[in-house]
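So the protein lines, in turn, are chains Y and A. The first sequence runs 212 to 533 under this note's numbering. The second sequence runs 34 to 300 under this note's numbering.
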Amino acid sequence: MKRSRGGATDLSVQLGPLRLKNPIVAASGTFGYGTEFLPYLKLADLGGFVTKGLSLLPRRGNAPPRTCETPSGMLNAIGLANVGVEAFLDEKLPALRGCGTAVIANVFGETREEYVAVARRLNGAPDLHAIELNLSCPNTEKGGIAFGVSPPVIREVVAAVRRAAPGLPLIVKLTPNITDIAVAGRAARDGGADMLSLVNTFLGMAVDLRARRPVLDNVVGGLSGPAIKPLALYMVQRVYREVGLPIMGMGGISGAEDALEFMVAGSAAVQVGTANFFDPTASVRMVRDIDAWCRREGIRAVRELTGTLQFPHGAPPAPCAG
Amino acid sequence: MPFDTPAAVVRHESLNRDHFLLTLESPSIARAARAGQFVMLQTRDGTDPLLRRPMSIFRVLPGRSGRFQILYKVVGRGTRYLAGQPVGARLATLGPLGNGFRLPPAGTRPVLVSGGIGIAIFPFLVETLAKTRRRAPVLVYGARTKGDLAALGFFRAQRVPVRLATEDGSVGVRGFVTRLLEPLLAAPEEAAQLELFVCGPTPMLQAVAALAARAGAPCQLALESQMPCGIGVCLGCVVRCPGDDQGPMFRRVCTEGPVFRATEVLL
């Protein structure tokens, strides 16, 4: 193919201590442990991927039904099913040796101690590039309220994990189910996060009208997919301006233009989640399409786009404004 | 090995009010498919409906056409959009996926038990049984009413004996397929030489699995589930299975199934 300008686009991005070959990262819970996608794509074509959330012990998850399609989206209540950190280190991570992309382990716990124990176990693991903390898990010591909705708890857990895994870049994944996500982002920054990923899913439910019952056995699920993209974009631009840490933005990204919009709004890289379900090669196609878009637009390095959103009428409103 | 390819619609027939037979062309999928497997099929461009739909492979057409068929019933928005797809459309198709049926031992008589649109999984199995020189199957087929029966012509052409049950009695015996199965399974020495292959709604699977267990007949169940990804990563399609003192286990219908031995799952 003939190029209109000399040389390929520089797609590499830097998020604090983490360098990625391109800004497309497959999101936790939508990409298994990586190897599931080998029939469809080369992992090396991705900037990175995030594993299914890992707990100290294996978890079986919630009873079915666990998912429900909604307009341009879906609800899930998987219940954090995973193989546990030991099986990840023994079986899953060795299979990824030399895969050519950044492997990021997603970590959660039901107590601060569990977060710390999983992070400590992962610290120093070969071929692991970063950890991402899922703060949307219910805190069993605080009556089941999610860690990520309380700024002091966020700061405390992030600081404890920071100490437990000093060798790994630390990403903190924010829940959007909070009045002002920027407050959560600042708490994560103060606890020592290197970067933020946002947003996790929005709480929602679906009703089976005829049965007069919730569709999900768990009643409540997390909403993802294109339906949440405007909500997520808003939160990314807000955290970008208010917090000052590098951001991996996500929420309904299904194509290159979605990804680029998130970058303009302040993301240094993006995560692709639900799209992996309905289109298993969506992530790698986005890498190619971003390259093509940049060449068309005369952009030599994709990282130049981050935070270039213009506000012609001054600063955008805080979340309480109409 | 599954493939993710745009498959061309080469034929799309309406069989009755809400049943359609879709012929797709994808040589890689057609070549790799085995009886009981499925594809994840896009129903429409765009993000609504968002997810592909899991569809049993009805038949792989003979020869080198690279064509296979899907029989489906319009039950919601996805299948309604699918019904509007014209010849020439290209639908993103991922497959073949899952584990198919385990073929019975050579001396065993296969009994195919279908409820409603569950019939869509069986023609491929009938052809596979013939090709592998297994004993000829019988089909026990139940539906709400006569108009909900589909694909009977295929089974007649294959000389498969068909026994019908309808809930309203419009054709065959009145009631559920269990009425037809009970006498078949009644003689223990005969039941030991049968194997049941079952696909249909959950209450039917439960009833048939219970009958099979009582008669000591092996029984394979092909399950349906809400299935966002089809490739084992979303963990959305799980079925409850016998567990331990910590509670039930869950297995993925898309990857560990969709066909399970009846003893492996708790429905």
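Note that CB positions come from ideal geometry on N, CA and C, so glycine has one too. All figures in this text were calculated on a predicted structure; none of them were measured in a lab.
Any chain Y beta carbon closer than 8 angstroms to residue i
i, result
"Leu54(A)", "no"
"Cys267(A)", "yes"
"Gln259(A)", "yes"
"Met237(A)", "no"
"Pro143(A)", "no"
"Arg113(A)", "no"
"Cys262(A)", "yes"
"Asp37(A)", "yes"
"Ala116(A)", "no"
"Phe283(A)", "yes"
"Val298(A)", "no"
Status (buried if at least 16 other CB within 10 Å, exposed otherwise) for residue i
i, result
"Leu127(A)", "buried"
"Phe522(Y)", "exposed"
"Asn350(Y)", "buried"
"Gly533(Y)", "Its pLDDT being 41, under 50, Gly533(Y) is placed unreliably by the model, and nothing is read from it."
"Glu468(Y)", "exposed"
"Gly140(A)", "exposed"
"Glu280(Y)", "buried"
"Lys164(A)", "exposed"
"Thr342(Y)", "Sequence check: residue 342(Y) is Ile here, not Thr. By the neighbour-count rule (16 or more Cβ atoms within 10 Å), Ile342(Y) is buried."
"Gly280(A)", "exposed"
"Leu299(A)", "exposed"
"Gly355(Y)", "exposed"
"Lys353(Y)", "exposed"
"Val120(A)", "exposed"
"Gly186(A)", "exposed"
"Ser304(A)", "It is not possible to answer for residue 304(A), since the shown part of chain A is limited to 34 through 300."
"Asn49(A)", "exposed"
"Ser47(A)", "exposed"
"Asp490(Y)", "buried"
Counterpart residues of residue i in DSSP-defined beta bridges
i, result
"Ala196(Y)", "Look at the range of chain Y in this structure, 212 to 533, and you will see that residue 196(Y) is not part of it."
"Met73(A)", "Pro87(A) and Leu127(A)"
"Glu280(Y)", "Met285(Y)"
"Phe283(A)", "Arg273(A)"
"Val82(A)", "Note on identity: in this sequence residue 82(A) is Pro, with Val being the wrong assignment. According to DSSP, which records beta bridges pairwise, Pro82(A) is partnered with nothing at all."
"Cys348(Y)", "Answer is none; Cys348(Y) lacks a bridge partner."
"Ser435(Y)", "Met285(Y)"
"Asn132(A)", "Pro291(A)"
"Cys252(A)", "Leu229(A)"
"Lys106(A)", "His52(A)"
"Phe260(Y)", "Ala237(Y) and Val314(Y)"
Contact set between residue i and chain A, taken where Cβ atoms lie within less than 8 angstroms
i, result
"Arg308(Y)", "What Arg308(Y) touches in chain A: nothing, since even the nearest Cβ is about 20 angstroms away."
"Cys279(Y)", "Gln259"
"Asp469(Y)", "In chain order: nothing, as chain A lies at least about 10 angstroms away."
"Arg323(Y)", "Within 8 angstroms Cβ-Cβ: nothing; Arg323(Y) doesn't reach chain A, min ~24 angstroms."
"Gly436(Y)", "Thr80 and Leu83"
"Glu247(Y)", "Ile264, Gly265 and Val266"
Beta-carbon proximity list for residue i, same chain, < 6 angstroms, skipping 5 on both sides
i, result
"Val368(Y)", "Arg323, Tyr326 and Phe358"
"Lys106(A)", "Asp51, His52 and Ile150"
"Leu229(Y)", "Ala341 and Pro380"
"Arg400(Y)", "Val454 and Leu456"
"Val241(A)", "Val146 and Val231"
"Arg449(Y)", "Ala393"
Within chain A, the residues that residue i reaches when beta carbons sit closer than 7 angstroms
i, result
"Ser465(Y)", "Thr80"
"Ser283(Y)", "Thr80, Asp81 and Leu83"
"Ala274(Y)", "Arg273"
"Pro491(Y)", "Asp37, Leu127 and Ile264"
"Gly243(Y)", "Gly265 and Val266"
"Phe488(Y)", "Leu84, Pro261, Cys262 and Cys267"
Cutoff 7 angstroms; reference residue i; Cβ partners in own chain excluding five residues on either side
i, result
"Ser61(A)", "Phe36 and Thr38"
"Gly436(Y)", "Ser283, Gly284, Met285, Gly463 and Thr485"
"Cys267(A)", "Pro261"
"Lys179(A)", "Thr199, Ser203 and Val204"
Within chain A, the residues that residue i reaches when beta carbons sit closer than 9 angstroms
i, result
"Ile289(Y)", "Cys267, Leu268, Gly269 and Val271"
"Tyr251(Y)", "Pro35, Phe36, Asp37, Leu127 and Ile264"
"Ala292(Y)", "Leu268, Val271 and Phe283"
Neighbouring residues, chain Y, relative to residue i (Cβ below 7 angstroms)
i, result
"Met88(A)", "Result: empty, since nearest Cβ-Cβ is about 14 angstroms, beyond 7 angstroms."
"Ala224(A)", "Under the 7 angstroms cutoff, chain Y gives no residues; its nearest Cβ is about 31 angstroms from Ala224(A)."
Beta-carbon contacts of residue i that lie in its chain and below 8 angstroms, excluding the five residues immediately before and after
i, result
"Ile501(Y)", "Thr220, Leu222, Asn233, Pro234, Ile235, Ala467, Ala470, Leu471 and Val513"
"Pro275(Y)", "Asp428"
"Arg166(A)", "Ala139"
"Val495(Y)", "Ile235, Leu252, Lys253, Asp256 and Leu257"
C-beta neighbour in chain A for residue i, strict 8 angstroms
i, result
"Pro425(Y)", "no"
"Arg271(Y)", "yes"
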